[in-house]
Amino acid sequence: MNPKHEELFKSKMDEVSFNRLAAIDNEEAMAFIAHAIELCEPENVFVGDDSDEAHDYVRQMAKEKKEEVPLAIDGHTVHFDGYYDQARKKEVTKYLVPEGIELDSKLNQMSRDEGIKEMEDLQRGACRGRTMMVMFFCLGPTDTIFAIPCLQITDSFYVAHSEDLLYRRGYEAFKNLPNGAEYFKYRHATGEVDERMTSKRYDLNRVYMDYTQNTTLSVNTQYAGNTVGLKKLSLRLAIRKADREGWLAEHMFIMRSNGPNDRKTYFCGAFPSACGKTSTAMIPGENIVGDDLAYFRVIDGQFRAVNVENGIFGIITDVNSKDDPVIWNLLHQPGNVIFSNILVKDQNPYWLGMEQDIPSEGENYCGDWKQGMTGPNDKPTTPSHKNARYTVKMADLKNADPNWDAPNGVLVSGIIYGGRDSDISVPVREAYSWEHGICTMGAMLESETTAATIGKEGVRVWNVMSNMDFLSMSVGRYIDNNLKFAKDIERPIVFGTNYFLKKDGQYLNGKLDKSIWIKWMELRVHGEAEALDAGYGKIPVYKDLKKLFKQVLDIDYTEQDYIDQFTVRIPECLAKLDRMAEIYATVSDTPQAMKDEMAAQRERLEKLHSEKGDYVSPFDL
Ligand code: SPV
Ligand code: MN
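Under the numbering used here, read the sequence shown as residues 1050 to 1670, first letter to last.
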């Protein structure tokens, strides 16, 4: 070890921590840690390894320092983020770009030199009086082709504790890393805190991606999406690494659907926030592999996916005992659970949509809260934040697929793209080909804003593969990587879903209908269900759905239900194509396949229109 580093480390840490660092032969990593200490000036530094002892210490300290407060059930805690710090903040999330380089104009970016300087100014002395943690985790199962070792520096015990639930421990993997091997690293500082231990200077919240160094930097925030390096900060770095190496990093769940005769079929799915992603991964009777981040690789001629996480940071809103029994039970039994931004009263957690009485006062994201209170920005408040979350370990989920941690991941048979769409797409349809699916379902994915999001309700937001927030290269290149991926092998079938179709203002689907769509997709993968050509994909036939509804949900599915849900709404489909043509005209490197697929879709729909009119019943196809 460089003697200067040794001296600095010894002045800030005890022998156990020092020895953990000394066992790592990686000068670059040591320099990164030394720079963080010199810049942020922590009182002391704790270095974690893979031992329970190290992680128990972090968990304990999170409570001691009041970043988490214990709840009534053993092992449960609540963490609060500041009133404004309740979600990822796009305006301050930027790529740091070296002089002379321009990332896609759709990405938020700034000069690397300026960004580094601004961040250093904000983080200078930011850890005074606090403990800095140096922790090692791993994206993907350690010692596998998927694995990316990661080094997290943070002064938040909550962040380090969350990471222990959400990721595999990676100290040993890091120690064995050959010199020069790639790894990701993150430097996070909470910044000045208020009496509730939440970041005070949210106006100075910044989240910067120094992708040239596989490094991310964040400050004046605690919200996990901004601070837990292995989550969305890494996804942005991973998309670039995947581009260099010929694989894909996706914002997707992975789940197993159980077909006839014990058949196990794996699906991955991309859904923008609050569109049913976690609940699809958690469909009762099926099994979850992961709910947020999937890496795809071709291994031995197979399309394989791995969940690079070890746990779930899930939206708690609308989790109730009837629709989400597995999560519900996990949240009501002793074990390691962090709730965030829920309402607490008498040490019990409450949240929106739990379908139980919620107290009219307690502690929540506003501090001491009472029904009817307005927030510091004069906005109405809710008992729990709409984006309140729970953090749990995969291994604690009763419905975890036994293969969730398999070194080579799982064989993927279907990919699903789903958005919130009140009036265009049928609940489920199958693409004609990989290209058709990637272009017209993935790259044309849109989702409507809800009353809970800022701004106007019902505005359609374009969100390529649900990965738009995390794209770290041009849109065209990212789509092209998807188009080219695994081209020499059998690829999954691509499907589009929509759980939010309405008629006369009413949802046309029950919450559990997604079980039927997944069963239908499972049968289609194995050639065991029929389909009709609807011009923008293949849709189910009535008799198959009638049978599935009866078998799975004991529901009598009527012809009228089928007509309402599966009518091809041609004017709306064409209007969507118009919107997409407009958007893709502004994408300088739109792949030719994208243009071809959009043109072919238009042609098919116009032909159907000229033969059958605006709204075509599935019985007329
Ligand atoms: C999402 O918003 O897609 C999440 C939560 O999974 S966050 O960590 O904020 O990205
Ligand atoms: Mn996500």
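Glycine included, each C-beta is placed from N, C-alpha and C at the ideal position.
Tell whether a beta-carbon distance below 9 Å holds between tyrosine 1585 and lysine 1563. No Cβ-Cβ contact shorter than 9 Å links tyrosine 1585 with lysine 1563.
Does the Cβ-Cβ distance between phenylalanine 1362 and serine 1496 come in under 9 Å? In this structure, the beta-carbon distance from phenylalanine 1362 to serine 1496 does not fall below 9 Å.
Could you tell me how far apart the beta carbons of tyrosine 1040 and glycine 1463 are, in whole angstroms, since I believe they sit closer than 8 Å? Nothing can be reported for residue 1040, as the shown portion of the chain is limited to 1050 through 1670.
Boundaries (first-last residue) of the alpha helix (DSSP H) holding phenylalanine 1206: Its alpha helix (DSSP H) spans residues 1206-1215.
Between leucine 1673 and phenylalanine 1519, what straight-line distance do the alpha-carbon atoms span, to the nearest angstrom? Because the chain in this structure spans residues 1050 to 1670, residue 1673 falls outside the shown range and cannot be described.
CB-CB length for aspartate 1243 against lysine 1234, believed under 8 Å: Not quite, the Cβ-Cβ distance comes to about 29 Å (not below 8 Å), so this is no contact.
Helix, strand or coil at alanine 1080 according to DSSP, with G and I counted as helix: Correct three-state label for alanine 1080: helix.
Is the closest heavy atom of the ligand MN to the C-beta of serine 1389 under 8 Å? Serine 1389: no, Cβ never under 8 Å from the ligand MN.
Find out if the Cβ-Cβ distance for the pair asparagine 1369, glutamate 1404 is shorter than 9 Å. It is a contact, given that the beta carbons lie within the stated cut-off.
So, at 7 Å on beta carbons, what are the nonlocal neighbours of lysine 1541 in its own chain, with the 5 sequence-adjacent residues on each side left out? At residue 1541 the sequence reads proline, which differs from the lysine that was named. Apart from sequence neighbours up to five positions away, the residues of its chain that approach proline 1541 with a beta-carbon distance below 7 Å are Phe1352, Val1461, Ser1462, Gly1463 and Ile1464, ordered along the chain.
Span separating the alpha-carbon of isoleucine 1612 from that of lysine 1551: Approximately 13 Å between the Cα atoms of the pair.
Cβ-heavy atom distance, lysine 1281 to the ligand MN, below 8 Å: Lysine 1281: yes, Cβ under 8 Å from the ligand MN.
According to DSSP, is histidine 1658 part of a helix, a strand, or is it coil? Histidine 1658 carries a helical assignment under DSSP once its states are collapsed to helix, strand and coil.
Reference arginine 1509; option with closest CA among Ala1175, Asp1417, Tyr1132 and Cys1324: Taking the Cα of arginine 1509 as reference, the smallest distance to any Cα among Ala1175, Asp1417, Tyr1132 and Cys1324 is reached at Cys1324.
Proximity test, lysine 1326 beta-carbon vs the ligand MN heavy atom, cut-off 8 Å: Lysine 1326 has its CB nearer than 8 Å to a heavy atom of the ligand MN.
Mind checking valine 1393: buried by the 16 CB within 10 Å criterion, or exposed? Buried, because 16 or more other Cβ atoms sit within 10 Å of the Cβ of valine 1393.
Between glutamate 1064 and chain D, is there a C-beta pair that is closer than 9 Å? No chain D is part of this structure, which consists of one protein chain only.
Same chain, Cβ closer than 6 Å to alanine 1111, neighbours up to 5 away in sequence not counted: Glu1117, Phe1206, Tyr1207 and His1210, listed in sequence order.
Between which two residues does the beta strand (DSSP E) carrying glutamate 1479 extend? Counting along the chain, the beta strand (DSSP E) containing glutamate 1479 begins and ends at 1477-1479.
What do you reckon, are the CB atoms on isoleucine 1528 and asparagine 1436 nearer than 9 Å? With contacts defined as CB atoms closer than 9 Å, isoleucine 1528 and asparagine 1436 fail to qualify as a contacting pair.
Would you tell me roughly how many angstroms separate the C-alpha atoms of arginine 1478 and glutamate 1221, rounded to the nearest one? In this structure, the CA atom of arginine 1478 is about 45 Å from the CA atom of glutamate 1221.
If you follow the alpha helix (DSSP H) that aspartate 1529 is in, where does it begin and where does it stop? Taken as a continuous stretch (DSSP letters only), the alpha helix (DSSP H) holding aspartate 1529 covers 1524-1533.
Thinking C-beta only, is tryptophan 1511 closer than 9 Å to leucine 1494? Contact flag set, yes.
Pick from Lys1656, Ala1630 and Ser1659 that is closest to aspartate 1645, judged by C-alpha positions: Ranked by Cα distance from aspartate 1645, the options Lys1656, Ala1630 and Ser1659 are led by Ala1630.
Less than 8 Å between the CB of aspartate 1341 and some heavy atom of the ligand SPV, yes or no? Aspartate 1341 has its Cβ nearer than 8 Å to a heavy atom of the ligand SPV.
Measuring straight from C-alpha to C-alpha, what distance separates asparagine 1051 and threonine 1247? Rounded to whole angstroms, asparagine 1051 to threonine 1247 spans 36 Å at the Cα level.
Spatial neighbours of tyrosine 1232 within its chain, please: CB distance less than 6 Å, with the 5 preceding and 5 following residues excluded, ordered by chain position. Pro1198, listed in sequence order.
Identify which residue in Arg1526, Gln1555 and Val1513 has its Cα closest to the Cα of aspartate 1638. Residue Arg1526 is the option with its Cα nearest to aspartate 1638.
Threonine 1329 by DSSP, collapsed to three states: which one? Of the three classes helix, strand and coil, the one that applies to threonine 1329 here is helix, per DSSP.
So the candidates are Pro1589, Val1574 and Asp1123; which of them puts its Cα closest to the Cα of glutamate 1539? That would be Val1574, whose Cα lies nearest to the Cα of glutamate 1539.
Among Lys1061, Ser1100 and Asp1074, which has the Cα closest to the Cα of histidine 1084? Ranking the options by Cα distance to histidine 1084, first place goes to Lys1061.
With a threshold of 8 Å, establish whether the CB of serine 1322 neighbours any heavy atom of the ligand MN. When distances are taken from the beta-carbon of serine 1322 to the heavy atoms of the ligand MN, the shortest one is below 8 Å.
If contacts are defined as beta-carbon pairs under 8 Å, then serine 1409 and glutamine 1420 qualify, I think. What distance do you get, rounded to the angstrom? In this structure serine 1409 is in contact with glutamine 1420, their Cβ atoms being roughly 4 Å apart against a cut-off of 8 Å.
Determine the direct distance from the alpha carbon of histidine 1125 to that of tyrosine 1272, and round the result to whole angstroms. Approximately 18 Å, taken between the alpha carbons.
Tell me, to the nearest whole angstrom, how far the beta carbon of threonine 1191 is from that of glycine 1219; I am working on the premise that it is less than 8 Å. Indeed they touch by this definition, with Cβ atoms about 6 Å apart.
Between threonine 1142 and the rest of its own chain, which residues show a CB-CB distance below 7 Å, the 5 nearest in sequence each way excluded? Result list for threonine 1142: Asn1157 and Val1256, in chain order.
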